[in-house]
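As structure tokens, the structure follows; a few thoughts come after it.
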Amino acid sequence: MSDQTLPKTPRDDDSVLAAEYVLGVLGAEERIALQARIDRDPDFARHVEAWENHLAGLNTAFDEVEPPAHLKDALERRLFTNIDSAPQAGLARIWNSVRFWRAGAFAATAALALLAIVTLREPPSPPATGETLLASLVTEQGNTRFVVLYDSSAQTLRASLVEGDTPAASDYELWFVPAASGGAPISLGLIGGEGEKAPHVPANLQGDFTDGATIAISLEPAGGSATGSPTGPVVAAAPVKKI
């Protein structure tokens, strides 16, 4: 893709986009497009430079350590070995899985810890009228991870596939899960294989899409569910948290 295909975003969302670029959670194509934008957009380049300088300071808290020799083999097995086990189907099954929630809680805690530190020391920017929400989701198998960011002031939802791939002839679909027991999930749009599609939260949900709201991801046929409800397995679910 070219950077002309990126959505036009307000200045405060550019800061979030720059943070995602520096943190490395964007897809390859979007990253290339943003590199081109940095070369010709001084304002955006300053956002990126501010985040790079800010995050570089986090390294001073850690000493350089030589990793164990066995770690390389373990990482290669995890990153490059195809896993044949099928995803667990059904929101209820996901909800009741202790292993799933442990994995999801660990991923969410790690992401929240990093972004909480970053947010407390974020470079100066125009005051925001809303809040930013984060969810980190991981499948029960642990081989596919997603990050979802919602900027309520800009009313933009960014969903990224940060580890793993989208199976052939399929799409990951993002859902809002109502707090009321028995409430039907509501589609928030599709997550592209590169994590580039970022649909808006519908106007009628913006009042409910707040700290603690639950989102879920299902694996659907290409193009998404044709029924308005999840038809494939629900592979991940997590609450969004204010950062």
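Take 80 as the starting number for the sequence shown in my numbering and just add one per residue.
Note that beta-carbon positions come from the ideal geometry of N, C-alpha and C, so glycine has one too.
Being a predicted model, the structure only gives us computed values, none of them experimental.
Whole-Å CB distance - residue i paired with residue j, under 8 Å assumed
i    : j    : result
V319 : L212 : 4 Å
Y229 : V280 : 7 Å
E210 : T223 : Incorrect: roughly 27 Å between the Cβ atoms, too far for contact.
E299 : T310 : 6 Å
S308 : A263 : 6 Å
F123 : A107 : Going by Cβ atoms, the distance from F123 to A107 rounds to 19 Å, so no, they are not a contact pair.
L267 : L236 : 6 Å
I296 : F225 : 6 Å
For residue i, the residue or residues it bridges with in DSSP
i    : result
P300 : S249
L269 : E252
T293 : V256, P318
Residue i, enclosing beta strand (DSSP E) - first and last residue
i    : result
A238 : 235–242
V314 : 313–318
L284 : Counting along the chain, L284 falls outside any beta strand (DSSP E), and DSSP gives it neither H nor E.
T211 : 211–217
V227 : 224–230
Start and end residues, alpha helix (DSSP H) containing residue i
i    : result
A112 : 107–119
C-beta atoms of residue i and residue j nearer than 7 Å
i    : j    : result
L216 : A317 : yes
I265 : L253 : no
H126 : D92  : no
V256 : A238 : no
G303 : D250 : yes
I294 : A233 : no
E131 : V101 : yes
T218 : A301 : no
Near the ligand NAD: residue i beta-carbon under 6 Å from a heavy atom
i    : result
A315 : As for the ligand NAD, it is missing from this structure, which has no ligand bound.
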